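Counting in my numbering, the sequence shown runs from 78 upward without gaps.
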Amino acid sequence: MTDKAFAQADPDWLALIGAARDWLSGPLGQFLLDEERRMLEEELGRFFGGYLVHYGPSAQPPPTAPQVQRNVRLGAPLPGVEIVCEEQAWPLSEHAADVVVLQHGLDFSLSPHGLLREAASSVRPGGHLLIIGINPWSTWGLRRAFAHDGLRRARCIAPSRVGDWLNLLGFALEKRRFGCYRPPLASPAWQARLAGWERRAGRWQLSGGGFYLLVARKIAVGLRPVRQVRREPMGKLVPMPLAKVNRRNVEP
Numbered sequence: 078m079t080d081k082a083f084a085q086a087d088p089d090w091l092a093l094i095g096a097a098r099d100w101l102s103g104p105l106g107q108f109l110l111d112e113e114r115r116m117l118e119e120e121l122g123r124f125f126g127g128y129l130v131h132y133g134p135s136a137q138p139p140p141t142a143p144q145v146q147r148n149v150r151l152g153a154p155l156p157g158v159e160i161v162c163e164e165q166a167w168p169l170s171e172h173a174a175d176v177v178v179l180q181h182g183l184d185f186s187l188s189p190h191g192l193l194r195e196a197a198s199s200v201r202p203g204g205h206l207l208i209i210g211i212n213p214w215s216t217w218g219l220r221r222a223f224a225h226d227g228l229r230r231a232r233c234i235a236p237s238r239v240g241d242w243l244n245l246l247g248f249a250l251e252k253r254r255f256g257c258y259r260p261p262l263a264s265p266a267w268q269a270r271l272a273g274w275e276r277r278a279g280r281w282q283l284s285g286g287g288f289y290l291l292v293a294r295k296i297a298v299g300l301r302p303v304r305q306v307r308r309e310p311m312g313k314l315v316p317m318p319l320a321k322v323n324r325r326n327v328e329p
């Protein structure tokens, strides 16, 4: 059934999701997802409501929000995906979700703007949108330039740029966090040696973490830049002369 439904899907998009899924299923991808899970569980624990929607290319079951009644996963035909859809065709009504999570959705997307608009539309006013992406200003972002695996196809959009997009869509950025300061080394021994640095850098929240987490709250249905109307110069206002009254000529 799923194969028939995706017979007309964009083959480039399916190939991109497949490459991302394969990389995230490998040792480096799993290491990154494990670091993200701890931070996501911490953030999701404070949300409540009716629906949480998760979108991302990983085949690993995502973290859930225990105080949200229904956690739904949508996206490409992957194990555990409950609602199969393309990145710009979410079958959700406007303002349907209390929380939406994009976990590497923008990294592995043909149209990040289109995907973000779709996710933003699904969030109710007052709800939250959480975005996890690979930090381009980190050793993980640097590795992308030399990678020969699925990481090579990641966009690695800067968090400041994503924050600007969110602002235009009517969201207020509440929090920006970084994690996974250890470099992308497959050796468990080296990862263990750098565990102390991971803890210290995490406390300091340095901006060089391998991934970033943005937490944004929807404050409006959507904002669009308004073109300013050009005003023609109207000249200066000149005070009118006042008539002088000669008190000598005024009769009592």
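Beta carbons are placed, not taken as given, at the ideal position from N, Cα and C, and that holds for glycine.
The model shown is predicted, which means the values in this text are computed figures rather than measured ones.
Handout entry: Presumed contact (8 Å Cβ cut-off) between S186 and L192, rounded CB distance
Key = The Cβ separation is near 5 Å, so the contact holds.
Practice task
May I ask which residues mark the beginning and end of the alpha helix (DSSP H) holding N148?
Solution key: Note, N148: premise wrong, no alpha helix (DSSP H); beta strand (DSSP E) at 145-152.
Handout entry: C-beta contact flag for F288 and E113 at 8 Å
Key = Yes, the pair counts as a contact, with Cβ atoms nearer than the cut-off.
Problem - 8 Å Cβ cutoff met for K181 and A97 - result: Contrary to the premise, residue 181 reads as His rather than Lys in this sequence. Taking 8 Å as the Cβ cut-off, H181 and A97 qualify as a contacting pair.
Practice task
Within its chain, find whatever has a CB closer than 7 Å to the CB of H205; leave out the 5 residues flanking it on each side and keep chain order.
Solution key: If we look at H205 and ignore the five residues flanking it on each side, its Cβ neighbours are F124, V176, V292, A293, R294.
Problem - Beta-carbon proximity check, G103 vs S215, cutoff 8 Å - result: Cβ atoms of G103 and S215: not closer than 8 Å.
Problem - Alpha-carbon to alpha-carbon, V239 and L179 - result: Distance between the alpha carbons of L179 and V239: 12 Å.
Exercise for the section: In the DSSP assignment, find the unbroken beta strand (DSSP E) run with V158 in it and report its ends. Expected result: Where V158 is concerned, there is no enclosing beta strand (DSSP E), given that its DSSP letter is neither H nor E.
Problem - Cβ neighbours of L93 in the same chain (closer than 7 Å, five flanking residues each side left out) - result: A distance below 7 Å between beta-carbons, with the five flanking residues on each side excluded, links L93 to the following residues of its chain, in chain order: F185, L187, R230.
Problem - Residues bridged to Y258 [DSSP beta-bridge criterion] - result: Residue pairing of Y258 in beta bridges, as defined by DSSP: absent, with no partner found.
Handout entry: Coarse secondary structure for H131, derived from DSSP in three states
Key = Collapsing the DSSP output to three states places H131 in a strand.
Exercise for the section: Give the range of the alpha helix (DSSP H) segment to which L291 is assigned. Expected result: Run containing L291: none in the alpha helix (DSSP H); it sits in the beta strand (DSSP E), 288-295.
Practice task
Could you check how far apart the C-beta atoms of P261 and L105 are, in whole angstroms? I think they sit under 8 Å.
Solution key: That pair is a contact at about 5 Å.
Practice task
Note down the Cα distance separating D89 from A174, rounded to an integer number of angstroms.
Solution key: Those two C-alpha atoms are separated by around 28 Å.
Practice task
Between the Cα of Q107 and those of L228, L129, L207, spot the shortest distance and give me the residue it belongs to.
Solution key: Among L228, L129, L207, the Cα nearest to that of Q107 belongs to L228.
Exercise for the section: Could you spell out the range, first to last residue, of the beta strand (DSSP E) harbouring P202? Expected result: 200-211 is the extent of the beta strand (DSSP E) around P202.
Exercise for the section: Using beta-carbon positions only, say whether E163 and D87 come within less than 8 Å of one another. Expected result: Closer than 8 Å, so yes.
Problem - R136 vs P156 beta-carbon contact at 8 Å - result: In the sequence as presented, Arg is not what sits at residue 136; that position holds Ala. Using a Cβ distance threshold of 8 Å, A136 and P156 count as a contacting pair.
Problem - Rounded C-alpha distance that separates L91 from P139 - result: About 20 Å.
Problem - Sequence-distant residues of the same chain with beta carbon closer than 6 Å to A249, five excluded per side - result: Within the same chain, R294, I296 come within 6 Å of A249 by CB-CB distance, once the 5 residues on both sides are set aside.
Problem - L169 in three-state terms, based on DSSP - result: Coil, per DSSP.
Exercise for the section: Give every residue of the same chain whose Cβ lies closer than 6 Å to the Cβ of H172, excluding the five residues on either side of it in the sequence, and list them in chain order. Expected result: The answer, listed in chain order, is R201.
Practice task
Express the C-alpha separation of G210 and W242 in angstroms, rounding to a whole number.
Solution key: Using only the alpha carbons, I get a separation of about 14 Å.
Exercise for the section: Please classify G285: does DSSP put it in a helix, a strand, or coil? Expected result: Collapsing the DSSP output to three states places G285 in coil.
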